[in-house]
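Engineer: These protein sequences, in sequence, are chains A and B. Every letter in the first sequence is one number past the one before it in numbering that gives the first Met the number 0, and letter 102, counting from 1, is 101. Every letter in the second sequence is one number past the one before it in numbering that gives the first Met the number 0, and letter 66, counting from 1, is 65.
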Amino acid sequence: MARFQSPLRWLVTLAALLLVLALALRPSLERSISEPEAPAQPSTPELTEAPSSIDEEPLPKLRSLAEVDLDQAPARRQLDLQHWTTVQGARVYFMRADELPMLDVRLTFAAGASRDEHLPGLATLTNAMLNEGTGERDAGSIAAGFEQLGAEFENSAHRDMAIAGLRSLTAEDKLTPALELFTAVVARPSFPEEALERLRDQMLAGLRFRLQRPSALASEAFWTDLYPAHPYGTLPQGQAESLVQIDREQLREFHQRYYSAGNAVIALVGAIDREQAERIARRIAEALPQGRAASPIADPFPIEPGHRHIDFDSQQTHILLGQHGISRNDPDYAALYVGNQILGGSGFGSRLMEQIRETRGLSYSVSSSLVPMQAKGPFMISMQTRADQVELALEVIHDSLDQFIEIGPSEAELQRTKRQIMGEFALSTASNAAIVGQLGMLGFYDLPLNHLQLFLERVQALSVEDVRAAFARHFDPENRLVVTVGPTHNEAHTETQTETAEQEPDA
Amino acid sequence: MIMLRQSIALTLVLVFSLGAWAQDSQPRQPTHEFTLDNGLKVIVREDHRAPVVVSQLWYRVGSSHEPPGLTGISHALEHMMFKGTDNLAPGQASRLLSSLGAQENAFTSRDYTGYYQILSRDQLAIALEMEAERMHRLSLPEDEFEREMEVIKEERRLRVDDNPNGLAFERFLRQAYMASPYGQPVIGWMHDIERLTVDDLRAWYQTHYQPGNAILVIVGDVRLAEIRALVQQHFGPIPAGPVPPQKLPLELPGGAERQLTLNLNVQLPSLLMGFNVPSLNTTEQPWEIYALRLLRGVLDGGYSARLASRLERGEAIATSASASYDGFSRGDSLFLLSGIPNQSRGVDLEQLEQRLWQEIEALKLEPPSTEELNRVKAQTIAGLVYGQDSISQQASQIGQLESVGLSWRLVDEDIAALEAVSPEQISAVARRYLVRERLTRAHVLPNNPEEVR
């Protein structure tokens, strides 16, 4: 989320440095490889725990446990969600929240990098160019326009979706001009040549910056190998060869085609009434290019398993292991979500965290993630460890996965996770920002308004065998892909292809 | 959705964009303050939008309290706080909280160490009891300690040793703070991490984890009366202990111009410039801190601010350029400028630095326009409203201020304090502080320079 500024500005920024100063030093798992595409169901589960070896762990000796009914689903906020479609075909999701004098607007388009076709980087560049100029204003004037109103503009592009968002105060003299400017930026960007050159240079610099980050290299190799000849296989940030080919006309065409009303989800949360919401949504939909929803992305073909090693001068080796997962609409979503939580998706206490970090001290962070996308997204496990411990780490990961597919979770783990998901749900709807994100997700994947409730019900109905069988069905051990990035040492990687990371063409 | 955790980590250094509540909306969220007999300070803010609550316990100890040889000990202790107490097995409390769907985490900085839980209001008692338990009954088992130190070494490799920009910044800070302990890395030097002992941690825990050295902040769907009883029940029985005196980290007012050249595994050269400046805690004239914040805002308070509009867009001399300043640290602070020159235009680090100096000199001579200042203020005011959307962010702002010895009420006064700064005062702080004898400059260059061209 890059408020107030071009998201590209931060591609190569030194902001990362500040982590050294202000460490949130505990788990803070790196998210560089995870896709924001499909927000994990009830927001992000943080550090969580679900013991594997300590299955039937007795409750701790805390007096307050006697006062809290753990089997009672925690209270949650009542959500009055509303949905309609404008005549232009934009799908609108709205929740009124009067408590704070502010409004969040989030437009989600099927306009991510999976629409790049032969020009990787086109979707990202189009999205980043939105606030670089309209007919009447240049980038500075747009930014000053938002900033003097105290409004925040946000834009980002991912593989499935592209997002443009606004946060504004609801005072009339702030909201009206902020919405007007926002609408112009999203609907009538002028893609000035000067800005194109500048952002292109920034993206090229961003590509160079990636080369010094082993996690970025691992992620790129993983997606490339998992999705050969598929729209998910290219890097959303583009490649030098394609970036230099992109011109204004291509940006315009991409915008005309994919930033259309019929391809848009408009989510609104804040201190406005239904009538205002309808008016705002209608104005935006009228201003956007008119057109239909983009056709869905097709599922990838199965791939050959393999292990790619990329040589990199570092102390640690970054490991990514995974395979094709599911689409967001897969009937096994709830079962796999729960299984992933238990295996490695819920931080501390998940099996992988117990096995890799807590029992063996092999890694600072290890996690598994299920990334359901419009087409089959990846299921992956990531960690980093001192280079000489890679073989051991891989063995533990493979064993944990094999065991999970063979035996499944324990009944205790399943019960804990069911309770956990109920609790997370209450937290995931606590802020307007969280709700507008949920609404965007519902709309983008065309899920019913009561989806969150349905999901909870499905989770509660799952059996151990349901989870095991879903894992076995989707995650054939024969299909695992492994990527390692780190120093090459002698005995390892005998049968793997090795390459070096230093040959990115110069800008 | 993914941002809560990050916001805690990141807000404290940079723009402490004091967003919390505008004057007109303050009654929505009544805030209460009380102190237990053992010295624990408690601040409660009511926010009844959703039936959830965040509890944050802040200890006034961080890397700037660490003597040489013991760097990283605050952070190591933070890790060990999850490894059991008299009544809790290692990791047990975390497993219980997570099974409830609660979020919990911890963070260590230069000035403080914090622990938090976000959970259903009905479950708050569990979090408080657990937190009280580890305030005075931590086990610190030797075998857990040995394993956890391996994890911390992996963490250091990940964040610093294998991250060349992280490494560069660590070296830069060591030079920029000649006298102040802020030059020490929060995670600690590797050679110190390797020689920490569990006895060191025990002593650190005994000294600093006293109720009188902590602040408990609770924000969410709660009422004062119930919280007072709950806090008294769980934290009240903890005996009071001696509270270590706080010595503010002080820096030399004008040590010398310092220069580092670092050849590292970076792909892009970058420039870091840090000026030694005071914080609200160390200045004799509080207006200076607000003026320095506005100065930062004029330079980098958004995409329409000077660095973005002139250096990144206009002349396209920088691929990125930014300014940051934390005026709310415990001790003397840094005003930081950083940037990456635009290589596609053949700009080098010297040219970028010259251009940054031009901006500084221009501000010394001519105060910023009213329009520029209004823009910065408008963002601050709106930020006060937006900040109320997140209970965690509200709690963090309160906790950060209190743990560095400032009052959470400063947030209420923020707008007025910024309003009171005149444009000429902004030029005045630039003239006083953005001078060469306060400057540390680092040039971070790729290992293999010919590859860059």
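Glycine residues also receive a C-beta, built at the ideal position from the N, C-alpha and C atoms.
1) Where A/T487 and A/F311 are concerned, what is the direct C-alpha to C-alpha distance, given to the nearest angstrom?
2) Determine the direct distance from the alpha carbon of B/A317 to that of B/E358, and round the result to whole angstroms.
3) Compute the Euclidean distance between the alpha carbons of A/T416 and A/G205, then round it to the nearest angstrom.
4) A/L518 and A/D224 look like a contact to me (Cβ under 8 Å); what is the Cβ gap, rounded to whole Å?
5) By the criterion of Cβ-Cβ separation under 8 Å, what are the contact partners of B/N86 in chain A?
6) So B/G382 is in the beta strand (DSSP E); what residue range does that whole segment cover?
7) What are the residues in the segment 326-340 of chain B lying within 7 Å of chain A by C-beta distance?
8) Helix, strand or coil for B/E103 per DSSP?
9) Could you name the residues of chain B that A/M421 contacts, counting a contact when the two beta carbons are closer than 7 Å?
10) If you check the beta carbons only, do B/D85 and B/S119 fall under 8 Å apart?
11) Does the segment 239-255 of chain B come into contact with the segment 173-193 of chain A, if we say contact requires no fewer than three beta-carbon pairs (one atom in each stretch) closer than 8 Å?
12) Could you tell me the alpha carbon to alpha carbon distance between A/V484 and A/L216, rounded to whole angstroms?
13) Can you have a look at A/I420 and say buried or exposed, based on whether 16 or more other CB atoms are within 10 angstroms of its CB?
14) Quick one: does B/D411 have its CB under 8 Å from some CB of chain A?
15) What residue range is occupied by the uninterrupted beta strand (DSSP E) comprising A/W83?
16) Along the segment 86-106 of chain A, what residues have a CB closer than 8 Å to any CB found in chain B?
17) Need the endpoints of the beta strand (DSSP E) that A/P176 sits in, please.
18) Under a three-way DSSP split, which group does A/D298 fall into?
19) Helix, strand or coil: how does DSSP classify A/P227 here?
20) So with CB distances below 9 Å, who are the chain A contacts of B/Q393?
21) Using 8 Å as the limit for Cβ to Cβ distance, is B/D161 near chain A?
22) Just curious, the beta strand (DSSP E) that B/P340 is in, first and last residue?
23) 8 Å is my cut-off, CB to CB: does A/G139 come that close to chain B?
24) On the DSSP letters alone, give me the boundaries of the beta strand (DSSP E) that A/E151 sits inside.
25) To the nearest angstrom, how far is the alpha carbon of A/R30 from that of A/S366?
26) Which of helix, strand or coil does DSSP assign to B/M272?
27) Report the option in A/L106, A/L121, A/R105, A/G144 whose CA atom is closest to the CA atom of B/G301.
28) Quick check on DSSP: helix, strand or coil for A/Y336?
29) Mind checking A/T384: buried by the 16 CB within 10 Å criterion, or exposed?
30) Taking the alpha-carbon of B/L291 as reference, which of B/E360, B/R374, B/Q424 has the nearest alpha-carbon?
31) Alpha carbon to alpha carbon, how far is A/D475 from A/F378? Give it in angstroms, no decimals.
32) Along the beta strand (DSSP E) that carries A/V463, what are the first and last residues, could you check?
33) Count the CB pairs spanning the segment 73-81 of chain B and the segment 142-159 of chain B that are closer than 8 Å, and state whether there are at least three.
34) When the cut-off is 8 Å and only beta carbons count, does B/E193 lie next to chain A?
35) Assign A/L210 to one of two classes, buried (16 or more other C-beta atoms within 10 Å of its C-beta) or exposed (fewer than that).
36) Any contact of the segment 193-200 of chain B with the segment 123-130 of chain B, i.e. 3+ C-beta pairs under 8 Å?
Structural biologist: Taking the structure as given:
1) For the purposes of this step, residue 487 of chain A is taken as the residue at position 488 of the first sequence. For the purposes of this step, residue 311 of chain A is taken as the residue at position 312 of the first sequence. Their Cα atoms are separated by approximately 8 Å.
2) By one-based count along the second sequence, residue 358 of chain B stands at place 359. By one-based count along the second sequence, residue 317 of chain B stands at place 318. Near 13 Å, if we compare the C-alpha coordinates of B/A317 and B/E358.
3) As a first step, residue 416 of chain A must be located in the first sequence, where it is residue number 417. As a first step, residue 205 of chain A must be located in the first sequence, where it is residue number 206. The alpha-carbon atoms of A/T416 and A/G205 are separated by roughly 39 Å.
4) Examination of residue 518 of chain A is not possible in this model, given that chain A is present from 0 through 506 alone.
5) Along the second sequence, one-based indexing puts residue 86 of chain B at 87. The contacting residues are P59, K60, L61.
6) Numbered from its first residue, the second sequence carries residue 382 of chain B at position 383. Where B/G382 is concerned, there is no enclosing beta strand (DSSP E), although the alpha helix (DSSP H) it sits in stretches over 369-385.
7) Listed by position along the chain: S337, I339.
8) Locating residue 103 of chain B in the second sequence gives position 104, where the first residue counts as 1. Here B/E103 sits in strand by DSSP.
9) The sequence position of residue 421 of chain A within the first sequence is 422, counting from 1. Residues of chain B passing the Cβ test: G100.
10) For the purposes of this step, residue 85 of chain B is identified with residue 86 of the second sequence, where counting begins at 1. For the purposes of this step, residue 119 of chain B is identified with residue 120 of the second sequence, where counting begins at 1. Taking 8 Å as the Cβ cut-off, B/D85 and B/S119 do not qualify as a contacting pair.
11) no
12) Residue 484 of chain A sits at position 485 when you count from the first residue of the first sequence. Residue 216 of chain A sits at position 217 when you count from the first residue of the first sequence. Cα to Cα, A/V484 sits roughly 7 Å from A/L216.
13) Working through the first sequence from its first residue, we reach residue 420 of chain A at position 421. Label assigned to A/I420: buried.
14) By 1-based counting over the second sequence, the position of residue 411 of chain B is 412. Chain A, which has no Cβ nearer than 8 Å to the Cβ of B/D411, makes this no.
15) Here the question's residue 83 of chain A lines up with position 84 in the first sequence. 80-84 is the extent of the beta strand (DSSP E) around A/W83.
16) Listed by position, the residues of the segment 86-106 of chain A near chain B (Cβ gap below 8 Å) are A96, E98, L99, P100, M101.
17) Residue numbering aside, residue 176 of chain A sits at position 177 when the first sequence is read from its first letter. Unbroken run through A/P176 is the alpha helix (DSSP H), 171-186; no beta strand (DSSP E).
18) Translated into positions along the first sequence, residue 298 of chain A becomes position 299. Coil.
19) In the first sequence, the residue the question calls residue 227 of chain A occupies position 228. Note: A/P227 maps to coil in three-state DSSP.
20) Mapped onto the second sequence, residue 393 of chain B falls at position 394. Chain A residues near B/Q393: none, gap ~11 Å exceeds 9 Å.
21) As a first step, residue 161 of chain B is located in the second sequence; it is residue number 162 there, counting from the start. Closer than 8 Å to some Cβ of chain A, the Cβ of B/D161 qualifies, so yes.
22) For the purposes of this step, residue 340 of chain B is identified with residue 341 of the second sequence, where counting begins at 1. Where B/P340 is concerned, the enclosing beta strand (DSSP E) stretches over 332-340.
23) Here residue 139 of chain A is taken as the residue at index 140 of the first sequence, counted from 1. Yes, because at least one Cβ of chain B sits closer than 8 Å to the Cβ of A/G139.
24) Position 152 of the first sequence holds residue 151 of chain A. Here the beta strand (DSSP E) through A/E151 covers 151-156.
25) As a first step, residue 30 of chain A must be located in the first sequence, where it is residue number 31. As a first step, residue 366 of chain A must be located in the first sequence, where it is residue number 367. Reliability of the predicted coordinates at A/R30 is poor, the pLDDT of 29 falling under 50, and the value obtained from them is presented with this limitation in mind. If I take the Cα positions, the gap works out to 10 Å.
26) The residue labelled residue 272 of chain B in the question sits at position 273 within the second sequence. Correct three-state label for B/M272: strand.
27) Taking the first residue of the second sequence as 1, we reach residue 301 of chain B at position 302. The residue with the shortest Cα to Cα distance from B/G301 is A/G144.
28) Residue 336 of chain A sits at position 337 when you count from the first residue of the first sequence. Helix, per DSSP.
29) Position 385 of the first sequence, counted from the first residue, corresponds to residue 384 of chain A. Its Cβ being crowded by 16 or more others within 10 Å, A/T384 is buried.
30) On the second sequence, residue 291 of chain B is found 292 positions in, with the first residue counted as 1. When each option's Cα is compared against that of B/L291, the closest is B/Q424.
31) Your numbering for residue 378 of chain A matches position 379 in the first sequence. Your numbering for residue 475 of chain A matches position 476 in the first sequence. Roughly 12 Å separates the two Cα atoms.
32) For the purposes of this step, residue 463 of chain A is taken as the residue at position 464 of the first sequence. Segment 463-473 is the alpha helix (DSSP H) holding A/V463; no beta strand (DSSP E) there.
33) The segment 73-81 of chain B is in contact with the segment 142-159 of chain B.
34) Taking the first residue of the second sequence as 1, we reach residue 193 of chain B at position 194. False, the Cβ-Cβ gap to chain A never drops below 8 Å.
35) On the first sequence, residue 210 of chain A is found 211 positions in, with the first residue counted as 1. Buried is the call here.
36) Contact between the segment 193-200 of chain B and the segment 123-130 of chain B is absent, because fewer than three Cβ pairs lie under 8 Å.
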